[in-house]
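In full-length UniProt numbering, the protein residues as written are 1 to 863.
Ideal placement from N, C-alpha and C gives every residue a C-beta, glycine not left out.
Bear in mind that the values here come from a model prediction, so they are computed numbers and not experimental data.
The structure under discussion appears below in the form of structure tokens.
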């Protein structure tokens, strides 16, 4: 029996024109009124899934990169609802930061106005897109109700010694007039504005992320198979753990020793000079005791180094430069005097800002030694075997190897000072006293024992990772909740005085000038010492916005809670995030910081897990004409305008169909027109169904039912492995099969047609939710299809009735034949022999051998 369509849907069925915009408006209004996607509360007994997209920055409207990412987020969230889960899928905005402040400066406006007007546009675009968010859990990081808890988190880290202040050379962006963390410098330039970054010495606040370096590295093992291997590799490389030894060197004329970290302490006997970073405090101290000429040369050199980026300084191809400081270090193992040089290839924040130079076995040291005529001493014979028996080297009566014998033990002459190539391979120790004849591994163990015995060294680890620099000299961020007293103390703002809110931007000059604009807000800066009541000053800096995003996934659990950052009980129910979805550009910065904060909160007892995101999905970029979309380049496709025609569902479906999630896609190659035609066909199929909703499906066309049930069985695995494009392709096949059955089979009244149309609507909800809801209503059901449980496939319909058998003759395929899936070998061979193409190919030749593997292959030989 055919159905009577509701008046507002009749225009979209059968002969009516497909109007995606009208369908969007209709269903968005119904979703907004019913709020069907709100996560269930404490009385909801369903299993839980937390699905989260990396929240957007509100710089103008969303673009097609966002369209891709948030389509994938919604696919995953909708899928798990269909699978019977209580799904939490919230949305918020990363709304502090430089773009808003710079835009406000350009417009002479308050950054709040620019930020919140853009957020309003984002919200509108997300609703038009059909995103199934829990709209009751919105947060904005620039709300005092949010950044109060940034300040609370800072205080908790400060109490544990994980937040501290120090003087150090920092990355300085001369354009934005603020410091940058190492991770925010890309190829020597500011990640935000592209300006060339310089070094500047400032007193700044840091989070002691290096205390967690080992755990951050080792816990990546938990994420193997759940995070992209590329991201895990990038995290490991950034943390960069090195194992070796700390070695204490005396400096002539200096009471305090200088500690050097080395991954190759076995080569200590080969050290011939000592290098310090020119921008380190040690270099400045040593230069101060040198002659006037050297002091002048050092200052000129320091000015030059200040204009170089770390990337440039680490470039192995550039000429080596440096200044001899007229001072000497003493090798603790043999007493040799080592001249001390300041050279830019050593960084102040690597290890201890100083290195022992072993030019024979380190390429940069060798290049420096050759440039300045410094000695080169080989201590590893890389031509010597490192397996088998250790060479027997004659010694004197005290057990010391004879020098001539050591030279004779070498299997070939090696001269890095002549070849210019350092000897970095494995080998046996030579010219190294008690280490001679040992392999690298054994020599490292032996030298560490000797250093520890003499009290001049110890086993140690070093990391590429540096502490997280969080101070920013800008207005639009979380104020750092610390107070500077008149007597020089630094004390926290008490918890009961949080949030420490930003002052009104009116009257403040927000233009970058090297110091925070907050410093000029005299009334705001002036406060009282909470311990004595005496006048004091606030800290004028604000926090890096990566603090905001390091824990926001926890605030979503109770975004309006005035009493705590998040309830631990809710964290135990929902967290960690089950699926975290966003761009790979956050592979280091954001993810590393979120992992650190999670581990710190775990140690404080607030949460019971140590990794924030169980599964990570990174999508590729959306390009336009082969280039990344950019407003400045004029090649940006805006999110909102793309949804008017051909409509949000066509955009979502086309993106999902365009290719694998992780691949880049070019918007010029994405067929929204083709997607729109497919959705119109799907809607017409639903309109054509003529059977009652309670019809018995089992009585329908079995061929169509097999297509339907195979998709029901296969789609979950495809979605969980992010093969969204394959699911869309299979849906297209199903719609075509329905149309064929309607047109050539039992017609619109066939029960299998209804079943297939309902399954199409349910699965299509992942990609085109407006169209799916319209189909569901046309099929005579109550809203909402997005809440319909996933139907179980009938296992009897998953068994193939026929398969294609390949028939080969003398190794070449000559025919394919359709046979019963359970056919026996004798019957299959007989069918193959009688096949017309096989008979023709044999041309009277006798079959001498037959290999039959039912039901897939029959192979005949004629010789």
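Tell me whether residue i sits in a helix, a strand or coil according to DSSP, three-state version.
{"i": "residue 506", "result": "coil"}
{"i": "residue 378", "result": "coil"}
{"i": "residue 433", "result": "helix"}
{"i": "residue 852", "result": "strand"}
{"i": "residue 132", "result": "coil"}
{"i": "residue 219", "result": "helix"}
{"i": "residue 463", "result": "strand"}
{"i": "residue 451", "result": "helix"}
{"i": "residue 188", "result": "coil"}
{"i": "residue 389", "result": "Residue confidence for residue 389 is low, a pLDDT of 39 falling below 50, so the modelled location carries little weight; the figure read from the coordinates is stated next. Coil."}
{"i": "residue 674", "result": "helix"}
{"i": "residue 553", "result": "helix"}
{"i": "residue 468", "result": "strand"}
{"i": "residue 92", "result": "strand"}
{"i": "residue 83", "result": "coil"}
{"i": "residue 45", "result": "coil"}
{"i": "residue 646", "result": "helix"}
{"i": "residue 59", "result": "coil"}
{"i": "residue 38", "result": "coil"}
{"i": "residue 693", "result": "coil"}
Contact check, residue i vs residue j under 8 Å by CB: the rounded distance?
{"i": "residue 52", "j": "residue 90", "result": "7 Å"}
{"i": "residue 654", "j": "residue 704", "result": "Not a contact, Cβ separation roughly 26 Å."}
{"i": "residue 816", "j": "residue 803", "result": "Incorrect: roughly 10 Å between the Cβ atoms, too far for contact."}
{"i": "residue 612", "j": "residue 566", "result": "Rounded, the Cβ-Cβ distance is 12 Å, inconsistent with contact."}
{"i": "residue 625", "j": "residue 658", "result": "In fact, because the Cβ distance is near 16 Å, the residues do not count as touching under 8 Å."}
{"i": "residue 151", "j": "residue 770", "result": "Residue 151 to residue 770, Cβ: 42 Å. No contact."}
{"i": "residue 600", "j": "residue 157", "result": "6 Å"}
{"i": "residue 739", "j": "residue 714", "result": "In fact, because the Cβ distance is near 21 Å, the residues do not count as touching under 8 Å."}
{"i": "residue 483", "j": "residue 527", "result": "6 Å"}
{"i": "residue 791", "j": "residue 759", "result": "6 Å"}
Using a C-beta cutoff of 8 Å, does residue i count as contacting chain C?
{"i": "residue 124", "result": "In the structure shown, chain C does not exist; there is a single protein chain."}
Classify residue i: buried if its beta carbon has 16 or more other beta carbons within 10 angstroms, exposed otherwise.
{"i": "residue 222", "result": "exposed"}
{"i": "residue 721", "result": "exposed"}
{"i": "residue 118", "result": "buried"}
{"i": "residue 293", "result": "exposed"}
{"i": "residue 501", "result": "exposed"}
{"i": "residue 76", "result": "buried"}
{"i": "residue 315", "result": "exposed"}
{"i": "residue 319", "result": "exposed"}
{"i": "residue 882", "result": "There is simply no residue 882 to check, as the chain begins at 1 and stops at 863 in what is shown."}
{"i": "residue 782", "result": "exposed"}
{"i": "residue 517", "result": "buried"}
{"i": "residue 464", "result": "exposed"}
{"i": "residue 531", "result": "exposed"}
{"i": "residue 31", "result": "buried"}
May I ask which residues mark the beginning and end of the alpha helix (DSSP H) holding residue i?
{"i": "residue 122", "result": "111 to 129"}
{"i": "residue 641", "result": "639 to 642"}
{"i": "residue 144", "result": "144 to 159"}
{"i": "residue 419", "result": "416 to 419"}
{"i": "residue 718", "result": "702 to 720"}
{"i": "residue 20", "result": "20 to 34"}
{"i": "residue 570", "result": "568 to 574"}
Just curious, the beta strand (DSSP E) that residue i is in, first and last residue?
{"i": "residue 204", "result": "198 to 207"}
{"i": "residue 53", "result": "48 to 53"}
{"i": "residue 97", "result": "Taken as a continuous stretch (DSSP letters only), residue 97 belongs to no beta strand (DSSP E), as it is neither H nor E."}
{"i": "residue 167", "result": "163 to 173"}
{"i": "residue 661", "result": "That residue, residue 661, is in no beta strand (DSSP E); it is neither H nor E in DSSP."}
{"i": "residue 904", "result": "The requested residue 904 does not occur in the structure, where the chain is confined to residues 1 to 863."}
{"i": "residue 423", "result": "First-last for residue 423: undefined, no H or E at that position."}
{"i": "residue 859", "result": "857 to 861"}
{"i": "residue 180", "result": "178 to 180"}
Practice task
Just list the alpha helix (DSSP H) runs in the UniProt domain "Leucyl-tRNA synthetase editing" (236 to 382), keeping only unbroken ones of 4 residues or longer that don't cross its boundaries, in chain order.
Solution key: 281 to 288, 292 to 306, 310 to 313 and 363 to 372
Exercise for the section: Ignoring anything shorter than 3 residues or poking outside the stretch 765 to 838, list the beta strand (DSSP E) runs there in chain order. Expected result: 802 to 809 and 812 to 820
Practice task
Would you list, in sequence order, the uninterrupted alpha helix (DSSP H) runs of no fewer than 4 residues that lie entirely inside the stretch 734 to 769?
Solution key: 751 to 764
Practice task
Would you list, in sequence order, the uninterrupted alpha helix (DSSP H) runs of no fewer than 4 residues that lie entirely inside the stretch 577 to 635?
Solution key: 589 to 604
Handout entry: Residue ranges of each beta strand (DSSP E) within the stretch 482 to 529, 3 or longer
Key = 482 to 485, 490 to 492 and 526 to 528
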